[in-house]
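Trainee: So in the working numbering, the last one in the sequence shown is 282, and the numbering has no gaps at all.
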Amino acid sequence: MFDISVIIPTINEGKYLEKTLKAVKAQDTKLKYELLICDSGSKDRTLEIAKRYTNKIFNIEKHGIWHGRNEGAKRAKGKIFVFIDADTLIPRNYLNAIYSVMQNQDVVGISCAFNFDKKDRILEFIQNIQNRYLVLKAIDGKGSLLGCNISIKRESFFKVGGFPNAPQEDSAMTKVLEKHGKIMFLPTPKVITSSRRVKKTGVVNTLLYYANLELVSNNKNEALKKISVFKDYKEVR
């Protein structure tokens with residue numbers, strides 16, 4: 046068995062994937078880890094690139110990042126599952142940091158803070174606000190999982206049945222996983238993730254989307270959940 050399984054779901058990620066895979070392979074660690082790619086029918090150079098870095102590539106018929114993650118977990122042999130988006134770069138000490146914190150028996154899930162790949166005032170404002178908010182929540186005992194980088198202990202992952210098919214599946218997973226242990230949001234090490242969604246959907250819509258889902262996910266009123274104005278989180282490439 047491996048110490049860690051790094052699982053990356055893909056679909057037409059040829060523009061971003063190689064840098065992501067290079068970062069995974071460049072880890073400064075003595076841990077035993079494997080790299081799995083779960084692809085949902087890419088038509089670009091995604092598979093060509095993936096084959097340079099791993100032979101554990103799986104074709105997943107059903108679309109959806111949640112489904113790709115779950116299918117990867119079924120095939121993974123690690124004690125800890127590290128789910129990374131195809132446009133997210135992890136620093137060289139990332140796996141060591143995750144593994145170290147996971148040695149705490151109470152911890153079942155971890156996400157790390159992020160920086161966007163592009164630099165401008167608006168993006169820096171968004172990343173700083175979200176990072177600070179999630180760090181403060183974690184200090185208050187309410188850690189959250191952040192979609193671009195999520196680590197979960199194997200036994201805990203299967204205990205909750207994997208990622209749910211839901212808008213903002215990271216928040217949905219947080220809700221079920223926190224019943225089984227502690228979720229940590231670490232201020233460091235920081236990952237670097239693409240700002241493409243913010244650029245395409247706009248700053249206002251991005252902030253409204255997350256604010257709405259935070260409200261709904263923290264509210265037990267089923268009627269409120271049904272009138273959520275952002276039920277669909279479309280993939281952006």
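Where a beta carbon is used, it is the ideal one built from N, C-alpha and C, also for glycine.
Select from 56, 238, 221 and 193 the residue whose C-alpha is nearest the C-alpha of residue 88.
Mentor: Here the closest residue by C-alpha is 56.
Trainee: Taking just the CA atoms, how far does residue 168 sit from residue 127?
Mentor: Going by the C-alpha atoms only, they are around 25 Å apart.
Trainee: Expressed to the nearest angstrom, what Euclidean distance is found between the alpha-carbon atoms of residue 261 and residue 53?
Mentor: Reliability of the predicted coordinates at residue 261 is poor, the pLDDT of 48 falling under 50, and no value is obtained from them.
Trainee: Have a look at residue 147 and residue 95 and give me their C-alpha separation to the nearest angstrom.
Mentor: C-alpha separation (whole angstroms): 28 Å.
Trainee: Quick check on this structure: which residue in 219, 122 and 61 has the alpha carbon closest to the alpha carbon of residue 283?
Mentor: Within the shown structure, residues of the chain are numbered from 46 to 282, placing residue 283 beyond reach of any answer.
Trainee: For the segment 198-227, which segments carrying the alpha helix (DSSP H) assignment without a break, of at least 4 residues, lie completely within its bounds, in sequence order?
Mentor: Entirely contained in the segment 198-227, the alpha helix (DSSP H) runs reaching 4 residues are, in chain order, 199-204 and 214-222.
Trainee: Residues in its own chain within less than 6 Å of residue 210 by CB, not counting five upstream and five downstream?
Mentor: Excluding residues within five positions, the ones whose Cβ falls inside 6 Å are 111.
Trainee: Apart from the five residues just before and just after residue 227, which ones in its own chain have a Cβ nearer than 6 Å to its Cβ?
Mentor: Only 151 and 152 meet the Cβ criterion.
Trainee: Less than 7 Å between C-beta atoms, sequence neighbours within five positions excluded: which residues of the same chain meet that for residue 137?
Mentor: Within the same chain, residue 137 has close Cβ partners 71, 72 and 73.
Trainee: Do you know whose CA, among 116, 207 and 241, lies nearest residue 101's CA?
Mentor: Out of 116, 207 and 241, 116 has the C-alpha closest to the C-alpha of residue 101.
Trainee: Check the DSSP bridge columns for residue 84 and list the partner residues they point to.
Mentor: 55 and 104, per the DSSP bridge assignment.
Trainee: Does DSSP put residue 46 in a helix, in a strand, or in coil?
Mentor: DSSP places residue 46 in coil when its eight states are reduced to three.
Trainee: Determine the direct distance from the alpha carbon of residue 156 to that of residue 219, and round the result to whole angstroms.
Mentor: The straight-line gap from Cα to Cα measures roughly 11 Å.
Trainee: Quick check: the Cα distance between residue 188 and residue 98, rounded to an integer number of angstroms?
Mentor: Their backbone Cα atoms lie some 33 Å apart in a straight line.
Trainee: Whole angstroms are fine: how far does the CA of residue 130 sit from the CA of residue 59?
Mentor: If you take the alpha carbons of residue 59 and residue 130, they lie about 13 Å apart.
Trainee: Judging by CA-CA distance, which residue of 182, 107 and 125 is the nearest neighbour of residue 200?
Mentor: Ranking 182, 107 and 125 by Cα distance to residue 200 puts 125 first.
Trainee: Which residues does DSSP list as the beta-bridge partners of residue 243?
Mentor: Paired residue(s): none; residue 243 is not in a bridge.
Trainee: Quick check on this structure: which residue in 63, 195 and 91 has the alpha carbon closest to the alpha carbon of residue 114?
Mentor: For residue 114, the nearest C-alpha among the options comes from 195.
Trainee: Classify residue 61 as helix, strand or coil using the three-state DSSP reduction.
Mentor: Correct three-state label for residue 61: coil.
Trainee: Exposed or buried, what is residue 77 when buried is set at 16 or more other beta-carbons lying within 10 Å of its beta-carbon?
Mentor: Exposed: under 16 other Cβ atoms inside 10 Å.
Trainee: Taking 7 Å as the limit between beta carbons, can you name the residues of its chain near residue 105, skipping five residues before and five after?
Mentor: Counting only Cβ-Cβ distances below 7 Å, and skipping sequence neighbours, we find 83, 84, 85, 112, 113 and 116.
Trainee: Which of the three DSSP states is assigned to residue 168 in this structure?
Mentor: Helix.
Trainee: Is it buried or exposed, residue 67, if we count other Cβ atoms within 10 angstroms and call 16 or more buried?
Mentor: The residue in question, residue 67, is exposed, as its Cβ has fewer than 16 Cβ neighbours within 10 Å.
Trainee: What residue does the alpha helix (DSSP H) around residue 143 start on, and which one ends it?
Mentor: Note, residue 143: alpha helix (DSSP H), 139-147.
Trainee: Mind checking which residues open and close the alpha helix (DSSP H) that includes residue 131?
Mentor: Note, residue 131: premise wrong, no alpha helix (DSSP H); not H, not E.
Trainee: Give the DSSP-derived three-state secondary structure of residue 98 in the structure shown.
Mentor: Coil at residue 98, not helix or strand.
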